[in-house]
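See structure below.
Protein chains: 2
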Amino acid sequence: MSVSTANRTSVWTRPERGARGPVPSLGRADITAAAIRIADAGGLAAVSMRAVAVALGTAAPSLYRYVESREDLLDLMVDAAVAELSPAEPTGAWLDDLVAVARLQLGNMRDHPWLPDALQRDLSYGPHTMDFFDRCLWMLEPVDCPTTSKLEAVGLMTGIVTLFARATAPQQPFMVAATPEQHPHLFAALAKAGDAAPRDPFAQAVRSVLTGLLTAASDSDGVG
Amino acid sequence: MSVSTANRTSVWTRPERGARGPVPSLGRADITAAAIRIADAGGLAAVSMRAVAVALGTAAPSLYRYVESREDLLDLMVDAAVAELSPAEPTGAWLDDLVAVARLQLGNMRDHPWLPDALQRDLSYGPHTMDFFDRCLWMLEPVDCPTTSKLEAVGLMTGIVTLFARATAPQQPFMVAATPEQHPHLFAALAKAGDAAPRDPFAQAVRSVLTGLLTAASDSDGVG
DNA sequence: AATTACTGCGAACAGTGTTAGCAGTTTACA
DNA sequence: TGTAAACTGCTAACACTGTTCGCAGTAATT
Chain S
1 MSVSTANRTS
11 VWTRPERGAR
21 GPVPSLGRAD
31 ITAAAIRIAD
41 AGGLAAVSMR
51 AVAVALGTAA
61 PSLYRYVESR
71 EDLLDLMVDA
81 AVAELSPAEP
91 TGAWLDDLVA
101 VARLQLGNMR
111 DHPWLPDALQ
121 RDLSYGPHTM
131 DFFDRCLWML
141 EPVDCPTTSK
151 LEAVGLMTGI
161 VTLFARATAP
171 QQPFMVAATP
181 EQHPHLFAAL
191 AKAGDAAPRD
201 PFAQAVRSVL
211 TGLLTAASDS
221 DGVG
Chain A
1 MSVSTANRTS
11 VWTRPERGAR
21 GPVPSLGRAD
31 ITAAAIRIAD
41 AGGLAAVSMR
51 AVAVALGTAA
61 PSLYRYVESR
71 EDLLDLMVDA
81 AVAELSPAEP
91 TGAWLDDLVA
101 VARLQLGNMR
111 DHPWLPDALQ
121 RDLSYGPHTM
131 DFFDRCLWML
141 EPVDCPTTSK
151 LEAVGLMTGI
161 VTLFARATAP
171 QQPFMVAATP
181 EQHPHLFAAL
191 AKAGDAAPRD
201 PFAQAVRSVL
211 TGLLTAASDS
221 DGVG
């Protein structure tokens with residue numbers, strides 16, 4: 001018996017190779033590794049089928065013997081990247097455990113800056129991602145709340161990590177000039193920027209959201 | 001005098017048209033409107049220069065008389081969409097004000113499902129987006145904390161809204177089958193899904209993050 | 001030995017953003 | 001007014017993308 005959320009065909013359900021023809025010179029692992037190397041260097045946009053192919057010394061159409069589409073390849077990349085973060089076992093302090101997981105994720109996205117982009121697709125989770133979710137749910141065992149909420153919370157946590165990963169990325173958002181007449185508050189804010197760095201907005205945000213979502217929260221709906 | 005965060009050339013600094021040639025048959029507003037119409041119907045990927053061009057009865061290269069690149073067009077689209085949300089004036093209750101703003105944003109992203117995608121580019125903010133930031137900072141005037149933190153908080157709020165906008169979108173994340181042996185906690189969670197819907201995770205998350213980031217937070221690092 | 005199923009890949013297709021360059025049009029300046 | 005400068009609109013084209021077709025070669029099955 002097994003439980004799944006959909007039955008779309010994906011890389012994970014398709015066998016890696018048949019048993020009839022000549023032995024393939026590549027494997028999904030090779031292709032995935034090459035793609036990740038390219039993405040680490042040049043971003044997700046640099047991962048074209050042709051680029052991956054030349055990195056492997058073959059031609060682009062050959063890749064379609066191993067992968068059904070570029071989307072498949074991106075799914076493989078995500079799962080391979082998620083495999084790199086190995087969260088510790090639960091200690092019982094679920095909030096600390098999950099904040100530690102979030103820190104791991106942030107580091108993972110620093111190692112692979114393309115990861116946020118790859119995550120925001122309509123992706124299909126692979127086995128390592130499933131392991132990851134399972135770990136997080138294990139950590140959340142002491143929490144008494146519906147399991148759907150726990151999954152939601154883990155998903156939102158991951159989302160927030162991507163937000164921070166993006167925000168810390170090299171490029172700064174661009175603004176047209178702010179004038180004191182049209183944008184008085186923004187002008188004031190930009191003029192005296194750099195007052196004092198907040199302590200740890202990342203952990204702060206993660207903790208806030210997790211406690212907010214997973215805690216009984218008697219007076220939280222306020223003005224609704 | 002003015003304050004800006006960068007001096008990259010962008011749509012906003014370039015004049016809409018010169019003063020020498022024949023009067024243009026289009027304007028940036030027309031092109032932006034057409035592009036938004038296409039994106040509303042078919043997503044951001046459907047917004048190709050050629051598609052926008054035929055929607056306007058012209059050829060693709062003509063658009064480059066009004067816009068320097070597709071990125072420029074996307075920047076215009078974002079600013080036009082942001083212009084549609086007109087947040088109320090501050091009431092003094094900053095948290096409630098901002099939660100209301102977040103709700104407006106969420107509605108805006110429901111009207112324009114491409115907005116999350118367009119927002120997570122390396123975009124350059126236009127005048128309406130500046131107005132929006134200014135409004136938010138105005139709401140945050142009663143809060144005593146560094147202005148950089150306020151800007152960060154508004155940015156993070158917007159990010160969280162995009163996460164929810166995506167999560168509520170039609171497509172469901174896909175998972176390979178979860179087995180009780182390999183993923184015991186995930187299996188249990190998926191098996192008994194649908195216990196009880198949480199009350200309002202959106203407002204919950206927004207409130208949590210905002211208070212977490214903007215409040216003096218005497219005991220917020222808790223168990224750490 | 002024949003069949004079947006596979007691999008690897010050159011050629012090609014439909015699509016993308018973008019540029020070159022040209023004819024025609026309007027303004028600015030002499 | 002005449003002329004030069006600056007602009008518009010657009011056809012053709014370039015370099016790129018993901019992907020499919022179909023063919024030659026290879027290994028396992030029957």
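Residue numbers (the UniProt record's numbering), protein chains in the order written: chain S, 1 to 224; chain A, 1 to 224.
C-beta atoms are modelled at their ideal positions from N, C-alpha and C, and glycine is treated no differently.
At a Cβ threshold of 8 Å, is residue i touching chain S?
{"i": "Q120(A)", "result": "yes"}
{"i": "G224(A)", "result": "Low confidence applies here, because G224(A) scores a pLDDT of 31, under 50, leaving its location unreliable; read the following figure in that light. It does: the Cβ of G224(A) has a partner Cβ on chain S nearer than 8 Å."}
{"i": "D144(A)", "result": "no"}
{"i": "L151(A)", "result": "yes"}
{"i": "W138(A)", "result": "yes"}
{"i": "T168(A)", "result": "no"}
{"i": "D134(A)", "result": "yes"}
{"i": "A19(A)", "result": "no"}
Under 8 Å between beta-carbons, which chain A residues line up against residue i? List them in chain order, please.
{"i": "A46(S)", "result": "Those within 8 Å of A46(S) in chain A number zero; the least Cβ separation is about 16 Å."}
So which residues of chain S does residue i contact, with C-beta pairs closer than 8 Å?
{"i": "L163(A)", "result": "L156, G159, I160 and L163"}
Out of the options, state which residue places its alpha-carbon closest to the alpha-carbon of residue i.
{"i": "S124(A)", "options": "L73(A), S86(A), G27(A) and T58(A)", "result": "L73(A)"}
{"i": "H185(S)", "options": "P142(A), A191(A) and A51(A)", "result": "P142(A)"}
{"i": "K150(S)", "options": "D97(A), P201(A), P87(A) and V209(A)", "result": "P201(A)"}
{"i": "S69(S)", "options": "S86(S), R50(S) and V54(S)", "result": "R50(S)"}
{"i": "E89(S)", "options": "R110(S), D134(S) and E181(S)", "result": "D134(S)"}
{"i": "A55(A)", "options": "T32(A), G212(A), L85(A) and V23(A)", "result": "T32(A)"}
{"i": "L44(A)", "options": "M109(A), A59(A), G57(A) and Y64(A)", "result": "M109(A)"}
{"i": "Y66(S)", "options": "A118(S), A191(S), T215(S) and E16(S)", "result": "E16(S)"}
{"i": "residue 234(S)", "options": "L163(A), T179(A), L137(A) and A205(A)", "result": "The question about residue 234(S) has no answer here: the residues shown for chain S are numbered 1 through 224."}
{"i": "W12(A)", "options": "W12(S), G57(S), E71(S) and A178(S)", "result": "A178(S)"}
{"i": "F132(A)", "options": "R20(S), F187(S) and P87(S)", "result": "F187(S)"}
{"i": "E71(S)", "options": "W94(S), D144(S), L95(S) and S10(S)", "result": "S10(S)"}
{"i": "M130(A)", "options": "W94(A), P87(A), D97(A) and G21(A)", "result": "P87(A)"}
{"i": "T168(S)", "options": "R199(A), L26(A) and D122(A)", "result": "D122(A)"}
{"i": "D144(A)", "options": "V52(A), W94(A), A59(A) and P180(A)", "result": "W94(A)"}
{"i": "residue 233(A)", "options": "L63(A), R199(A) and R14(A)", "result": "Lying outside 1 to 224, the shown extent of chain A, residue 233(A) is not represented and no answer is given."}
What in chain S is Cβ-close to residue i, meaning under 7 Å?
{"i": "T32(A)", "result": "Going along chain S, no residue has its Cβ under 7 Å from T32(A), so there is no contact; the nearest lies around 16 Å."}
{"i": "P87(A)", "result": "Correct list: empty, because the minimum Cβ distance to chain S is about 13 Å."}
{"i": "P201(A)", "result": "E152 and L213"}
Against chain A, does residue i count as a neighbour if the rule is that its beta carbon must be under 8 Å from one of theirs?
{"i": "A189(S)", "result": "yes"}
{"i": "R50(S)", "result": "no"}
{"i": "T9(S)", "result": "no"}
{"i": "T147(S)", "result": "yes"}
{"i": "P24(S)", "result": "no"}
{"i": "P113(S)", "result": "no"}
{"i": "R14(S)", "result": "no"}
Would the beta-carbon of residue i fall within 8 Å of that of residue j?
{"i": "A102(A)", "j": "M157(A)", "result": "yes"}
{"i": "A203(S)", "j": "V99(S)", "result": "yes"}
{"i": "A153(A)", "j": "L106(A)", "result": "no"}
{"i": "V209(S)", "j": "V161(A)", "result": "no"}
{"i": "A35(A)", "j": "V47(A)", "result": "yes"}
{"i": "R207(S)", "j": "G212(A)", "result": "yes"}
{"i": "A189(A)", "j": "T215(S)", "result": "no"}
{"i": "L85(S)", "j": "L104(S)", "result": "yes"}
{"i": "L163(S)", "j": "G92(A)", "result": "no"}
Find the residues of chain A that neighbour residue i, judging by a C-beta separation of less than 9 Å, and give them in chain order.
{"i": "A29(S)", "result": "Those do not exist, as A29(S) stays about 17 Å from chain A at its closest Cβ, beyond 9 Å."}
What in chain S is Cβ-close to residue i, meaning under 9 Å?
{"i": "T91(A)", "result": "Within 9 Å Cβ-Cβ: nothing; T91(A) doesn't reach chain S, min ~10 Å."}
Mind checking whether the beta-carbon of residue i lies closer than 7 Å to any heavy atom of the ligand NAP?
{"i": "P15(S)", "result": "Looking for the ligand NAP in the displayed structure turns up nothing, as the structure carries no ligands at all."}
Three-pair Cβ contact test at 8 Å for the region 73-85 of chain A versus the region 126-135 of chain A: yes
Taking contact to mean at least 3 C-beta pairs separated by less than 8 Å, is the region 108-120 of chain A in contact with the region 40-58 of chain A? yes
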